[in-house]
Each structure stands twice: as structure tokens, then as C-alpha cells.
Amino acid sequence: MKISVITVCYNSADTIEQTIQSVVSQNYGELEYIIIDGGSKDGTLAVIEKYRESISLLISEPDQGVYDAMNKGLQKCTGDVVAFLNSDDWYEQDTLEKVNRYFGDTLADMVSGNVYLYADGKAQKMELGRREKDDVFFRVIYPHPALFVRRSLFQKMGGYDTSYRVAADVAWVINACAAGAEVLCVEDCFTYFRAGGLSGRRRYEGLKEHYKAALTCAKRYELVQTAARIDAYYADYLEMELCRQKVADALENHMSEVKKIFHYDKGYYIWGAGERGKSCLELLNRAGASVIGFIDRNPNIKSVEGYPVISAKEIDKRNFICITPRGHEKEIEKKLAQDGMGRDAVMGYPNLLNRIAELGRYEEL
Numbered sequence: 313m314k315i316s317v318i319t320v321c322y323n324s325a326d327t328i329e330q331t332i333q334s335v336v337s338q339n340y341g342e343l344e345y346i347i348i349d350g351g352s353k354d355g356t357l358a359v360i361e362k363y364r365e366s367i368s369l370l371i372s373e374p375d376q377g378v379y380d381a382m383n384k385g386l387q388k389c390t391g392d393v394v395a396f397l398n399s400d401d402w403y404e405q406d407t408l409e410k411v412n413r414y415f416g417d418t419l420a421d422m423v424s425g426n427v428y429l430y431a432d433g434k435a436q437k438m439e440l441g442r443r444e445k446d447d448v449f450f451r452v453i454y455p456h457p458a459l460f461v462r463r464s465l466f467q468k469m470g471g472y473d474t475s476y477r478v479a480a481d482v483a484w485v486i487n488a489c490a491a492g493a494e495v496l497c498v499e500d501c502f503t504y505f506r507a508g509g510l511s512g513r514r515r516y517e518g519l520k521e522h523y524k525a526a527l528t529c530a531k532r533y534e535l536v537q538t539a540a541r542i543d544a545y546y547a548d549y550l551e552m553e554l555c556r557q558k559v560a561d562a563l564e565n566h567m568s569e570v571k572k573i574f575h576y577d578k579g580y581y582i583w584g585a586g587e588r589g590k591s592c593l594e595l596l597n598r599a600g601a602s603v604i605g606f607i608d609r610n611p612n613i614k615s616v617e618g619y620p621v622i623s624a625k626e627i628d629k630r631n632f633i634c635i636t637p638r639g640h641e642k643e644i645e646k647k648l649a650q651d652g653m654g655r656d657a658v659m660g661y662p663n664l665l666n667r668i669a670e671l672g673r674y675e676e677l
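Numbered by my numbering, the letters in the sequence shown go through residues 313 to 677 in order.
Laid out in C-alpha cells, this is it:
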């Protein structure tokens, strides 16, 4: 089975060599490797030239963006199966051989593996959770750097819609699944994905485009209940992500104003030792507030990030409390009031985020 791997790049001299090496060292006989370069000016082409004998096709010319470049690759490739490998990502050894075996054992249109998220010199397997087909409307369940697609499906569905600036790959997968494409999900990590490539603003733009693609597809196929779920889900999610973006801007550019929100003569407890509690800890530390510890009902949790975890009975009422369990703010505030905790000393984490977000800005790309 012939596999076409397509790498699109522009000014990628710092990372593309690792990408190329991971492909040409696969030791897979039926490999077609195509590189579409957008006319790089930084030495990318000099790096590519070192491996020219192992590259089936190189095109270097200006394009209209990453998805335009990917469509050029689709028009030129001849493999039975197609995959895209970004110019700052790289394959695990023997990835193509594994993919070949999976396609040989199934009639699926796509094989979706997992990725290692690579940041700060460390690789960690992405937690994908449940991967039911309807989930594709709400989150990325088939990570594009580890997705292999039969070329016949691209021929049926067409290429990427370049009206999407950030999430054309997501939109394509949503439409393919809605059209009946079968996906084989496997646990193998095929690809190392270099984290940190997208800014907070691009994540927000990507989320808006995911929403647009999901809703457009649901309406096209008259999935009325799914469309209603999509609207409800993204209304909350977009609001949260916009708040996160503004908080990030406030912390980056308006810290002196942010600090006026906090009290520095007392300490802070964080109610809730889960992920939101850890996010709250990061925020308080960023603002320079004094964190005393966490409050949690689980007796088996003794510490979080080196901070002690206590029960509600052990609270020193002279300090402040930030409540993080989602949807339980009012309930916990009421309990604290009954226990004699002053109202001004208690705040919900969402309220804190909103106050900080008011100091930040968001600008459309």
C-alpha cells in the first residue's frame, strides 16, 4: 500500500529537519514524500535540499495559506493513503508500517492514532477520552497529525475549504464523518506534536470555526437535535474561551491593575483540589497572592502542588477563599456563611476570572 506523506512549510528552518528525518527514516518501501513550501526566505530550502533524493516532489512557491498549500499536495499525491505532517512535528519510528497493517486489516476510510504533546523537552500522551462519532461536532477526537486517510475519500469529499483560516482540517473531518466515513481509532501514538504553536487568539478563532463547521454540517444533514446541542455547547464554551483570552491579556499587559483585585495582607485558600483548583493556584501565584492551601472533602488528598489540603473545619476564617468546583459556588458560599465566614472573604473562581477579564482585551485576527 502506497502512503503519501505531505509536509507544508514556510520559514521552518529551525524545525523541519527533524520532521524530514522522521519520514525518510521510516524504512517503508511504498512511501511518497511531498513537501509544499510557501517560498521560504530563512534557509528552509537549504535544509530540504540535504534530503532531496528521498523527497518525491518539492514545490516552492507563494500560496494563499496553509490549507491552500495542503490542497496543492492533495492534487499532486498518488498514494492509496494520505497523511499531513506539519513542519514542526515528527513521526514515531515504524509509524507507516503500523498504519499499513491497520489498513490491511480493515475497510475503514481513516485510521486515527494518538499524539505525544511535546513541550519544554518532555513528551506526554494526549488524553483523548471517549471517541464516539458524534463527539466530532464538539471537540477534536481525531488529531490531524496522527490521521491517515484513504485518498479515495479525499477524491469523494474534495480538499480543504480555504475559507476557514484555522480549522479547515477540523471542518473536513466533521463533514467526512457526517457523510458516513468510517474511522478506525487505535491507541498507538504515531506523531510527536510540538505544543505552543498556536496563540490564545488562534485557539479562540479555531473554536469559532469548529462551531461554524459543526453547525453548518448538522444543518446540511438535517440533524436537528445535534444542531441544538451544538448551539448550547458552543455558547458557553466560546464565552469561557473569550474570558480566558482576556484574562491572559490582562495578566500579560495590565498586571498592576490586576493586583488591585487581590488582598496582600491575608492569605488565600482554594476550595477544590481538581484541575480548576490548580488553574486557580497558577492564577494566584501569577498575581503574587499568598496561597495557604487547598480545601477538599476527599480525605485521601493530602497535598496539591506542595500545598496542604485541609477540611472545611480547619479553615482559618481570617483569610480568603476562592471556590473552584463548577456549579457549586452558591452552595459552598451558603455553607461558609453559616460557619461564620464573612461574605467579602469568599469569591467564586468564575467571578474572579470575569473581574480580571474586564481588564483585558481581545482583538479579532
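Where a beta carbon is used, it is the ideal one built from N, C-alpha and C, also for glycine.
CB of residue i within 8 Å of CB of residue j, strictly
| i | j | result |
| --- | --- | --- |
| V482 | V452 | yes |
| Y414 | L496 | yes |
| L527 | I542 | yes |
| C555 | N383 | no |
| T331 | D401 | yes |
| Y476 | A525 | yes |
| I607 | W583 | yes |
| E521 | V485 | no |
| K314 | T418 | no |
| Y533 | A490 | yes |
| E569 | L671 | yes |
| L596 | Y580 | yes |
| A458 | T503 | yes |
| L397 | G471 | no |
| G589 | V616 | yes |
| A669 | F632 | no |
| C321 | S366 | no |
| V448 | A395 | no |
Terminal residues of the alpha helix (DSSP H) in which residue i lies
| i | result |
| --- | --- |
| F415 | T407 to G416 |
| I573 | Here I573 belongs to no alpha helix (DSSP H), and DSSP marks it neither H nor E. |
| Y674 | Per DSSP, Y674 belongs to no alpha helix (DSSP H) and is neither H nor E. |
| L386 | V378 to K388 |
| A488 | A480 to A490 |
| E344 | That residue, E344, is in no alpha helix (DSSP H); its beta strand (DSSP E) goes L343 to D349. |
| V452 | Unbroken run through V452: none, as it is neither H nor E. |
| I644 | E641 to Q650 |
| I360 | T356 to E361 |
N- and C-terminal bounds of the beta strand (DSSP E) containing residue i
| i | result |
| --- | --- |
| K437 | K434 to K437 |
| I613 | Taken as a continuous stretch (DSSP letters only), I613 belongs to no beta strand (DSSP E), as it is neither H nor E. |
| I371 | L369 to S372 |
For residue i, the three-state DSSP class (helix, strand or coil)
| i | result |
| --- | --- |
| S334 | helix |
| N426 | strand |
| L510 | Because the pLDDT of L510 is 42, which lies under 50, any placement of that residue in the model is unreliable, and the number read from its coordinates should be weighed accordingly. Looking at L510 - three-state DSSP - the assignment turns out to be coil, as it is neither helix nor strand. |
| Y549 | helix |
| L419 | coil |
| D500 | strand |
| Y403 | strand |
| R541 | helix |
| I627 | coil |
| N323 | coil |
| D474 | Note on identity: in this sequence residue 474 is Thr, with Asp being the wrong assignment. Residue state, collapsed to three classes: coil. |
| G600 | coil |
| G518 | helix |
| Y523 | helix |
| M567 | helix |
| M469 | helix |
Per DSSP, the bridge partner or partners of residue i
| i | result |
| --- | --- |
| G660 | I635 |
| W583 | I607 and I635 |
| R462 | V393 |
| E505 | First, the amino acid is wrong: residue 505 is Phe here, not Glu. DSSP output for F505 lists L429 as bridge partner(s). |
| V317 | Y345 and A395 |
| V621 | F606 |
| C592 | DSSP, once it has assigned bridges, lists no residue as partnering C592. |
| V495 | M422 |
Residue-chain proximity (residue i, chain C), Cβ-Cβ < 8 Å
| i | result |
| --- | --- |
| R588 | No chain C is present in this structure, which holds just one protein chain. |
* Cβ contact (3+ pairs, closer than 8 Å) linking the segment 325-336 and the segment 344-358 -> Two segments are said to touch when three or more pairs of C-beta atoms, one from each, lie closer than 8 Å; by this definition the segment 325-336 touches the segment 344-358.
* To do: May I ask you to verify whether the segment 624-642 touches the segment 556-567, counting CB pairs closer than 8 Å and requiring at least 3?
  => Cβ pair count under 8 Å is below three, so no.
* the segment 421-433 touching the segment 487-501, judged by at least three CB pairs closer than 8 Å -> Contact between the segment 421-433 and the segment 487-501 is established, with three or more Cβ pairs separated by less than 8 Å.
* Asked: Looking at C-beta atoms only, is the number of pairs between the segment 368-380 and the segment 332-342 that lie closer than 8 Å three or more?
  -> Because the criterion of three Cβ pairs below 8 Å is not met, the segment 368-380 and the segment 332-342 do not touch.
* To do: Decide if the segment 426-438 is in contact with the segment 344-352; the criterion is three or more beta carbon pairs, one per stretch, under 8 Å apart.
  => Using a C-beta cut-off of 8 Å, the segment 426-438 makes no contact with the segment 344-352, since fewer than three inter-stretch Cβ pairs fall below that distance.
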